[in-house]
Amino acid sequence: MTATKQKWSAEVTEHSDAMDLEDHVFESDDAKKIAASLKRSAEHSHRRKAEPFQSAMSMLNFYINRAGKNLPAARKKILEDAKDELRAAFGRPKED
Numbered sequence: 267m268t269a270t271k272q273k274w275s276a277e278v279t280e281h282s283d284a285m286d287l288e289d290h291v292f293e294s295d296d297a298k299k300i301a302a303s304l305k306r307s308a309e310h311s312h313r314r315k316a317e318p319f320q321s322a323m324s325m326l327n328f329y330i331n332r333a334g335k336n337l338p339a340a341r342k343k344i345l346e347d348a349k350d351e352l353r354a355a356f357g358r359p360k361e362d
């Protein structure tokens with residue numbers, strides 16, 4: 267896809283001020299690896315404007331929301347599980 271045809275959400279994911287992401291972070295089939303990558307990125311980014319946990323969770327939610335109904339159920343499950351793994355990685359309580 268050329269840069270001019272690329273969706274704005276892809277541009278945000280790649281060049282967001284929220285934080286610098288590792289390549290292909292959301293393509294992993296392991297929720298724990300996704301969470302660990304987001305945690306590393308959030309803690310090491312100098313561009314984020316919020317606390318590391320908030321930045322990491324916001325980027326994960328942004329990715330899930332942008333994919334919307336085009337996100338296969340199995341992929342969405344992995345990403346939703348990554349939220350719980352991210353909470354655990356930051357010592358936050360799991361949401362019900």
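Basically the numbering used here = 1-based index in the sequence shown + 266.
All C-beta atoms, glycine included, are put in the ideal place defined by N, C-alpha and C.
C-beta atoms of residue i and residue j nearer than 9 Å
{"i": "residue 342", "j": "residue 354", "result": "no"}
{"i": "residue 316", "j": "residue 352", "result": "no"}
{"i": "residue 307", "j": "residue 294", "result": "no"}
For residue i, the first and last residue of its enclosing alpha helix (DSSP H)
{"i": "residue 341", "result": "339-355"}
Nearest-angstrom Cα separation, counted from residue j out to residue i
{"i": "residue 336", "j": "residue 309", "result": "30 Å"}
{"i": "residue 349", "j": "residue 361", "result": "9 Å"}
{"i": "residue 345", "j": "residue 313", "result": "24 Å"}
{"i": "residue 267", "j": "residue 320", "result": "Any reading at residue 267 needs caution, since the residue's pLDDT is 48, under 50, leaving its predicted position unreliable; the model's value is listed next. Their backbone Cα atoms lie some 31 Å apart in a straight line."}
{"i": "residue 318", "j": "residue 340", "result": "27 Å"}
{"i": "residue 297", "j": "residue 288", "result": "15 Å"}
{"i": "residue 292", "j": "residue 338", "result": "13 Å"}
{"i": "residue 331", "j": "residue 324", "result": "10 Å"}
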